[in-house]
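Worksheet: one structure, shown below.
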Ligand SMILES: [Zn+2]
């Protein structure tokens, strides 16, 4: 189910353009409009959920599985050195697009100077 006020739902519906990396019947991966490293992707379900906890377990497992596959595929293509899989849940965690969960795939390279430091 799509939400008419959601930017990701508009992308799914084809009302807003996005550069796609991957698409199947259930999921979509696009290039982040404000990439923090080269190749920064966002992977999400074609169903709108406001919060992570609303996503059914099976769908969550598929999303995680696809995200890992896409991350591994992309870092080989980019010859990157590593990656982050990152989920922001809630405004306190800097989550602005309320189509959750969406997973950021952030390719990393030695010397890229990006600081993501949860330890
Ligand atoms: Zn949505």
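In this note's numbering, the protein residues as written are 18 to 136.
We put the CB at the ideal spot given by N, CA and C, even for glycine.
Collapsing the DSSP output to three states places residue 46 in a strand. When only Cα atoms are considered, residue 67 and residue 77 end up about 14 Å apart. Sequence-distant partners of residue 57 (beyond 5 residues in either direction) whose C-beta falls short of 6 Å from its own C-beta, in its chain, are 49, 123. An exposed status is given to residue 114, since fewer than 16 other beta-carbon atoms sit within 10 Å of its beta-carbon.
With fewer than 16 other Cβ atoms inside 10 Å of its own Cβ, residue 131 counts as exposed. Note on geometry: alpha-carbon atoms of residue 90 and residue 108 lie some 30 Å from one another. Per the coordinates, the alpha-carbon of residue 125 lies some 6 Å from the alpha-carbon of residue 98.
About 6 Å separates the Cβ atoms of residue 28 and residue 47, confirming a contact at the 8 Å cut-off. A Cβ-Cβ distance of about 6 Å is found for the pair residue 102 and residue 120, placing them in contact under the 8 Å criterion.
Taking the Cα positions, residue 105 is about 18 Å away from residue 44.
Comparing alpha-carbon positions, the option among 63, 32, 55, 20 lying closest to residue 39 turns out to be 63.
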